[in-house]
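Residue numbers for the sequence shown follow our numbering, so the first one is 381 and each next one is one higher.
For each residue, glycine too, the CB sits at the ideal point set by N, CA and C.
Before any comments, here is the structure.
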Amino acid sequence: MQDRRDTKRLPLILAVEVVEVESGTRLSARTSDVSRTGCYIDTLNPTPTGTIVRVKFSHEGEDLDLLARIVYVSPRLGMGVRFDESITPEHLSVLDRWLAH
381 MQDRRDTKRL
391 PLILAVEVVE
401 VESGTRLSAR
411 TSDVSRTGCY
421 IDTLNPTPTG
431 TIVRVKFSHE
441 GEDLDLLARI
451 VYVSPRLGMG
461 VRFDESITPE
471 HLSVLDRWLA
481 H
């Protein structure tokens, strides 16, 4: 399978809460890798492909809340998430700082 990612993902485990925008359904999970454009979330019950979600990260006492879309699902393993293109420079700065460590 060809890797179609725009940016390199780095192994980074972060606590994350995923909230479906339409239904309000919440899921607590963790990431296994993160980039400036998306992440992979480990979960036994992934959200369906195409769902718009709010992804709330917590890392070292700092929180980050991003709008995203589920772009692929690995049943009973997890899901790939792509952040909304309107991500702010401030949010990118936080991601860059987390990825630098």
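Contacting residues, own chain, Cβ-Cβ under 7 Å from residue i (five flanking each side not counted)
{"i": "Glu400", "result": "Thr427, Thr431, Val433"}
{"i": "Val435", "result": "Val396, Val398, Leu446, Ala448, Val461"}
Residue i, enclosing beta strand (DSSP E) - first and last residue
{"i": "Val398", "result": "395-400"}
{"i": "Arg462", "result": "458-463"}
{"i": "Gly418", "result": "418-422"}
{"i": "Ser466", "result": "Taken as a continuous stretch (DSSP letters only), Ser466 belongs to no beta strand (DSSP E), as it is neither H nor E."}
Endpoints, alpha helix (DSSP H) assigned at residue i
{"i": "His471", "result": "469-480"}
Neighbourhood of residue i by C-beta distance below 6 Å, restricted to the same chain and skipping five residues each side
{"i": "Gly460", "result": "Tyr420, Val451, Tyr452"}
{"i": "Val414", "result": "Leu392"}
Exposed unless 16 or more other CB atoms sit within 10 angstroms - verdict on residue i
{"i": "Ile423", "result": "Here the sequence assigns Thr to residue 423, which means Ile is not the residue at that position. Thr423 should be labelled buried."}
{"i": "Thr405", "result": "exposed"}
8 Å Cβ cutoff met for residue i and residue j
{"i": "Leu444", "j": "Phe437", "result": "yes"}
{"i": "Val396", "j": "Thr411", "result": "yes"}
{"i": "Leu472", "j": "Leu390", "result": "no"}
Strand pairing of residue i, partner residues [DSSP]
{"i": "Pro391", "result": "Asp413"}
{"i": "Val453", "result": "Met459"}
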